[in-house]
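Engineer: Chains as they are written, first to last, in my numbering: chain A, 1 to 120; chain B, 121 to 550.
Just so it is clear, CB atoms sit at the ideal spot from N, CA and C, and this is done for glycine as well.
These numbers were taken from a predicted model, which means no experiment stands behind them.
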Amino acid sequence: MPQGVEVEHKGSPVYRASVSVCYMNPVDLMDLGIEEGARVVLTSRAGRIVLTTWTAEGVNRGEVFVPMGPYANHIISAETHATGMPDFKSQVVDVEVTEEPVRSVGELMEEIGGLRYDRQ
Amino acid sequence: MIVSDVVCPFCGCLCDDLELEVVGDRIVRVKNGCSLAEATFMNDTRLPAPIRRTTTGWEEISYDEAVKETADILKDADRPLLYGWSSTHGESQSVGVHIAERIGAVIDNTSTVCHGPSILAIQEVGHPGCTLGQVKNRADVIIYWGCNPTEAHPRHMSRYTTYATGFFVPDAHMERTVIVVDTRRNDTVNIADEFLQVEPGGDYAVLSALRAIVRGKELVIPQKVAGISKEQLIRVAGICKNAKFGAIFFGLGLTMSRGKYKNVRNAIELTDELNRHTKFVISPMRGHGNVYGSNEVFTWMTGYPFAVDFARGIAFYNPGETTAVDILRRGECDAALIVASDPGANFPRTAAAHLAKIPTVVIDPHVNATTALSRIHIPCTAAGIDAAGTAYRMDGVPIRLKKVIERGYPDDAVILKKIYDRLNGGWDHD
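1. I'd like to know if Ala-38/A contacts chain B, where contact means its C-beta is closer than 8 angstroms to some C-beta of that chain.
2. Between which two residues does the alpha helix (DSSP H) holding Lys-523/B run?
3. Under a CB-based cut-off of 8 angstroms, is Asp-94/A close to chain B?
4. Could you compute how far the alpha carbon of Ser-207/B sits from the alpha carbon of His-397/B?
5. Show which residues of chain A have a CB atom less than 7 angstroms away from the CB atom of Phe-467/B.
6. Helix, strand or coil, according to DSSP, for Tyr-437/B in the structure here?
7. So is Leu-327/B in contact with chain A if we call contact Cβ pairs under 8 angstroms?
8. Distance cutoff 8 angstroms, beta carbons only. Does Pro-13/A sit that close to anything in chain B?
9. If you measure beta-carbon to beta-carbon, which residues of the stretch 82 to 93 of chain A are closer than 7 angstroms to chain B?
10. In whole angstroms, what is the alpha-carbon distance linking Arg-432/B and Leu-29/A?
11. If Ala-465/B and Lys-10/A are in contact, beta carbons under 8 angstroms, what's the gap, nearest whole angstrom?
12. Under the rule that 16 or more other beta-carbon atoms within 10 Å means buried, what is Gly-246/B, buried or exposed?
13. At a CB-CB cut-off below 8 angstroms, which residues of chain A make contact with Gly-440/B?
14. Mind checking whether Val-417/B and Gly-132/B have CB atoms under 8 angstroms apart?
15. Kindly give me the distance between the Cβ atoms of Gly-373/B and Cys-267/B, rounded to whole angstroms, as I take these residues to be in contact under 8 angstroms.
16. Rounded C-beta distance between His-486/B and Leu-167/B? I'm assuming under 8 angstroms.
17. Can you list the residues of chain A that Arg-304/B reaches, using a CB-CB cut of under 9 angstroms?
18. So is Trp-205/B in contact with chain A if we call contact Cβ pairs under 8 angstroms?
19. Looking only at C-alpha atoms, which of Thr-230/B, Gly-451/B and Glu-351/B sits nearest to Pro-342/B?
20. What residues from chain B crowd round Ala-46/A, counting only those whose CB sits closer than 9 angstroms?
21. Would you please verify whether the beta carbon of Asp-550/B is less than 8 angstroms from any beta carbon of chain A?
22. Just checking my contact of Arg-296/B with Thr-281/B at CB under 8 angstroms: how many whole Å lie between their CB atoms?
23. Within this structure, are the beta carbons of Lys-364/B and Leu-394/B separated by less than 8 angstroms?
24. Can you list, in chain order, the residues of its chain whose CB lies under 7 angstroms from that of Ala-455/B, leaving out five sequence neighbours each side?
25. Could you spell out the range, first to last residue, of the alpha helix (DSSP H) harbouring Ser-77/A?
26. Determine the DSSP secondary structure at His-549/B, reduced to helix, strand or coil.
27. Could you tell me the distance, in whole angstroms, from the CA atom of Pro-70/A to the CA atom of Gly-106/A?
28. Closest by CA to Gly-114/A, which one among Ala-489/B, Ala-272/B and Tyr-324/B?
29. What is the rounded straight-line gap between the Cα of Lys-380/B and the Cα of Met-85/A?
30. Could you tell me whether the Cβ of Val-105/A comes closer than 8 angstroms to any Cβ of chain B?
31. Just reading off the beta strand (DSSP E) that Asn-229/B is part of, what are its end residues?
32. Taking 8 angstroms as the threshold (beta carbon to beta carbon), is Leu-115/A in contact with chain B?
33. Would you kindly work out how many angstroms separate the C-alpha atoms of Glu-80/B and Asn-544/B, rounded to a whole number?
34. At a Cβ threshold of 8 angstroms, is Pro-26/A touching chain B?
35. Would you say Glu-137/A faces chain B, with C-beta separation under 8 angstroms as the test?
36. Output yes if chain A places a C-beta closer than 8 angstroms to the C-beta of Ala-427/B; else output no.
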């Protein structure tokens, strides 16, 4: 819900917190030796992104769930297999523990050639 | 002042029973709305004036200057892309199509990364649907497949399904059976009578298994299909066959996962199969308030619902080739006009990155992720808040959005019309 509430305020800390999350099964978190709230880096063939972990028992082991948004899209390939629709729901990723910070939406946009208007 | 019967423009439900308290140019209270509606009306921070990117920052410019420069960018482009359209009214969408035809552009709307695959499936096998009023008054079995209305369409259940009292379903909560199918246990599962947790990418197999069982071929079904037991599949198929009126609502869990439009096609064919036993309907849970409208407007003007390419002088449609993500991924377009949407946040990185390489103009009331990628951002009214216009609900019913307050911004339809006039050599001759 916070994602939808803040959808017109993409520079806001609440939006950032709601979409820069990696939902994981608690047993997987235990396997990685980290607690909820620690940061992980997800690497796919399309890129890498740092996210904050969150426990979600509804997510199966071996899977992660990242809400649709600029963070998930950072590691989604633009290939559409001639349908127009990228593989938003299925990407193979490696998950590693990291100390790197979670970047802001503005920083992600600047990385691909943009320039933030609101310096949040 | 109290304004009643207000339509919330946020999601495809277009709830039309809101009551707003207005003081001057501000909305101070929202009654009947969900938290998404409250945020839409009360937390509506706008970009104050048109802005242009300079080498080091941003500068404010006049509306006339912004319109002139936008028209020049579009006029000079060989392969312009006009994208977005789903959060504004039909009046703007139609001017957008006229501009696309005038300059030979590709025009695409947000369904391209949303329910575009659903449209492809409907083009293959048709759409056995109905209005939400029918569902409310008749449906005793509801299936939410690959969607999470609790978070994304918060009032869908209270207005039309689980908690809505219907003419033939007077005790809705007791009489309606709710089935949720998803890869993860989301919030909507809490109200479900049956939950089928499908392995990621397994929807097609589960739909095929249900079709086989409904057809009486349950002997061919293995003990487990994509993580779901045969026993549960048989039970669910039984619930569906014994329904008086069943309704399937599906979301991006079907359109974005492996199989894409073939998943939706299979779901429609399951609906077809169930209609040999009882009445069953299926409908997509449309996201943006007026994304259905963009499909309607595009279709009645061009013949195609999205991804329309006017480069040949006539309307051409080939999803996978003329869709926005593919055009950006290939680095094909050399200018972009983004209206009422945010591809910077919602497109894969490499597609969004191309927007920063070309002159991109955004027309949107709010600063969003795409603002950072643009050369010019022109703020405008927000349809349903300070502009009236037509929007289509997720079941295809057109609803008139109200103008509730005046905030001094120009309507995006007016801005687009000025761009169109300038492209035609009109407006002024400086």
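Structural biologist: The answer reads as follows:
1. As a position in the first sequence, residue 38/A is number 38, starting the count at 1. False, the Cβ-Cβ gap to chain B never drops below 8 angstroms.
2. Position 403 of the second sequence, counted from the start, is the residue given in the question as residue 523/B. From DSSP, Lys-523/B is part of no alpha helix (DSSP H); its letter is neither H nor E.
3. Sequence index remark: in the first sequence, residue 94/A carries index 94 (1-based). Judged by the 8 angstroms Cβ criterion, Asp-94/A is not in contact with chain B.
4. As a first step, residue 207/B is located in the second sequence; it is residue number 87 there, counting from the start. As a first step, residue 397/B is located in the second sequence; it is residue number 277 there, counting from the start. Each residue's Cα considered, the two are about 39 angstroms apart.
5. Translated into the one-based positions of the second sequence, residue 467/B becomes position 347. Chain A residues near Phe-467/B: Asn-73.
6. Within the second sequence, numbered from 1, the residue matching residue 437/B stands at position 317. Strand, per DSSP.
7. Sequence index remark: in the second sequence, residue 327/B carries index 207 (1-based). Leu-327/B does not count as touching chain A.
8. In the first sequence, the residue the question calls residue 13/A occupies position 13. It does not: the Cβ of Pro-13/A has no partner Cβ on chain B nearer than 8 angstroms.
9. Ala-82, Thr-83, Gly-84, Met-85, Pro-86, Phe-88, Lys-89 and Ser-90
10. Here residue 432/B corresponds to residue number 312 of the second sequence, with the count starting at 1. Here residue 29/A corresponds to residue number 29 of the first sequence, with the count starting at 1. Going from the Cα of Arg-432/B to the Cα of Leu-29/A covers about 54 angstroms.
11. Numbered from its first residue, the second sequence carries residue 465/B at position 345. Numbered from its first residue, the first sequence carries residue 10/A at position 10. Yes, Ala-465/B and Lys-10/A are in contact; Cβ-Cβ is about 6 angstroms, under 8 angstroms.
12. Position 126 of the second sequence holds residue 246/B. Answer is exposed; the Cβ neighbour count stays below 16.
13. Along the second sequence, read from residue 1 onward, the residue named residue 440/B stands at position 320. Under the 8 angstroms cutoff, chain A gives Thr-80, His-81, Ala-82, Thr-83 and Gly-84.
14. What you label residue 417/B is simply residue 297 of the second sequence in a count that begins at 1. What you label residue 132/B is simply residue 12 of the second sequence in a count that begins at 1. No; because the gap between Cβ atoms is not below 8 angstroms, this pair is not in contact.
15. The residue labelled residue 373/B in the question sits at position 253 within the second sequence. The residue labelled residue 267/B in the question sits at position 147 within the second sequence. Their Cβ separation, rounded to whole angstroms, is 6 angstroms, which keeps Gly-373/B and Cys-267/B in contact under 8 angstroms.
16. Start at 1 with the first residue of the second sequence, and residue 486/B comes out as number 366. Start at 1 with the first residue of the second sequence, and residue 167/B comes out as number 47. Right, the Cβ-Cβ distance comes to about 7 angstroms (below 8 angstroms), so this counts as a contact.
17. Along the second sequence, read from residue 1 onward, the residue named residue 304/B stands at position 184. Result: Tyr-23, Ala-56, Gly-58, Val-59, Asn-60, Glu-63 and Phe-65.
18. Here the question's residue 205/B lines up with position 85 in the second sequence. Cβ-Cβ to chain A under 8 angstroms: no for Trp-205/B.
19. Looking up residue 342/B in the second sequence gives position 222. Among Thr-230/B, Gly-451/B and Glu-351/B, the Cα nearest to that of Pro-342/B is on Glu-351/B.
20. The residue given as residue 46/A occupies position 46 in the first sequence. Simply Pro-468, Arg-469 and Thr-470.
21. The sequence position of residue 550/B within the second sequence is 430, counting from 1. The pLDDT assigned to Asp-550/B is 47, lower than 50, so where the model puts this residue is not dependable, and the model offers no usable value.
22. Position 176 of the second sequence, counted from the start, is the residue given in the question as residue 296/B. Position 161 of the second sequence, counted from the start, is the residue given in the question as residue 281/B. About 7 angstroms; that satisfies the 8 angstroms criterion.
23. Locating residue 364/B in the second sequence gives position 244, where the first residue counts as 1. Locating residue 394/B in the second sequence gives position 274, where the first residue counts as 1. Not closer than 8 angstroms, so no.
24. Here residue 455/B refers to the residue found at position 335 of the second sequence. Around Ala-455/B: Ile-193, Leu-194, Ala-197, Pro-200, Ile-478 and Pro-479.
25. Position 77 of the first sequence holds residue 77/A. Segment: none, Ser-77/A is in no alpha helix (DSSP H) and carries neither H nor E.
26. Along the second sequence, read from residue 1 onward, the residue named residue 549/B stands at position 429. Low confidence applies to His-549/B: its pLDDT is 48, below 50, so where it sits in the model is not reliable, and the reading given next is rough at best. Reduced to three states, the DSSP call for His-549/B is coil.
27. Position 70 of the first sequence, counted from the start, is the residue given in the question as residue 70/A. Position 106 of the first sequence, counted from the start, is the residue given in the question as residue 106/A. Approximately 10 angstroms between the Cα atoms of the pair.
28. On the first sequence, residue 114/A is found 114 positions in, with the first residue counted as 1. For the residues Ala-489/B, Ala-272/B and Tyr-324/B, the minimum Cα distance to Gly-114/A belongs to Ala-489/B.
29. Counted from its first residue, the second sequence places residue 380/B at position 260. Counted from its first residue, the first sequence places residue 85/A at position 85. Going by the C-alpha atoms only, they are around 8 angstroms apart.
30. Position 105 of the first sequence, counted from the first residue, corresponds to residue 105/A. Closer than 8 angstroms to some Cβ of chain B, the Cβ of Val-105/A qualifies, so yes.
31. Numbered from its first residue, the second sequence carries residue 229/B at position 109. Residues 226 to 229.
32. If you number the first sequence from 1, residue 115/A lands on position 115. By this cut-off, Leu-115/A is an interface position.
33. This structure cannot settle anything about residue 80/B, because the visible part of chain B is limited to 121 through 550.
34. Here residue 26/A refers to the residue found at position 26 when the first sequence is read from its first residue. Not an interface residue.
35. Any question about residue 137/A goes unanswered here, given that chain A covers just 1 to 120.
36. Translated into the one-based positions of the second sequence, residue 427/B becomes position 307. With 8 angstroms as the cut-off, Ala-427/B counts as an interface residue toward chain A.
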